[in-house]
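Residue numbers (my numbering): 184 to 367. Glycine included, each C-beta is placed from N, C-alpha and C at the ideal position. Given the structure is predicted, the values throughout are model-derived calculations rather than measurements. Working notes for the structure below.
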């Protein structure tokens, strides 16, 4: 079974692998655009950063080369924000399988990994984040004409906020567990 088909390719926040305090960057990889979000250094609130055009997307083929401008821009953002971790949304099917979109995200993450050595890249299950982001923007009165780039950023915010919330719960549980052990 290849990595793109493996259910093991999804990461979850873990006290053992957590890099500690610092900004995290989330990306929502699409065939045309990449939505980018970041959080504060304390890892509490995710906010939109920008939407990066995929290299080669005007031809409808998406990014293919290792030195693509989209990857270079994401790597630049990671360095600008001094990110301690990057969360890449893994768009799995409703059945939990990895399809073509998930393979695209995994490939993007693998290529980005070589451009930002030392910064962990995590793949996070992001089923329906783009759909939820589009609905929320539509419900808030954002017109469809200008929605696409906002949707990509909102999806990245959703991916990152979900990660941060789960991370907070995991670290709190780990702290309570270790405090409980030390009291005995």
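Between the Cα of residue i and the Cα atoms of the options, which residue gives the shortest distance?
i, options, result
"residue 345", "220, 203 and 202", "220"
"residue 302", "337, 265 and 273", "265"
"residue 288", "205, 227, 299 and 305", "305"
"residue 281", "341, 309 and 340", "309"
"residue 295", "208, 200, 350 and 195", "208"
What does the Cβ neighbour count give for residue i, buried or exposed, with the cut at 16 atoms within 10 Å?
i, result
"residue 148", "Here the chain covers residues 184 to 367 and nothing more, so residue 148 does not appear."
"residue 186", "With a pLDDT of only 39 at residue 186, under the threshold of 50, the placement of this residue in the model should not be trusted; the figure read from the coordinates follows. Classification for residue 186: exposed."
"residue 262", "exposed"
"residue 211", "buried"
"residue 227", "exposed"
"residue 277", "exposed"
"residue 283", "exposed"
"residue 202", "exposed"
"residue 195", "exposed"
"residue 341", "buried"
Cβ-heavy atom distance between residue i and the ligand FMN below 8 Å?
i, result
"residue 355", "This structure simply doesn't include the ligand FMN, nor any ligand for that matter."
Can you list, in chain order, the residues of its chain whose CB lies under 6 Å from that of residue i, leaving out five sequence neighbours each side?
i, result
"residue 335", "211, 216, 218 and 234"
Can you list, in chain order, the residues of its chain with a C-beta nearer than 8 Å to that of residue i? Leave out the 5 residues immediately preceding and following it.
i, result
"residue 205", "224, 226, 265, 266, 267 and 268"
"residue 200", "303"
Pull up the DSSP beta-bridge partners for residue i, would you.
i, result
"residue 220", "209 and 231"
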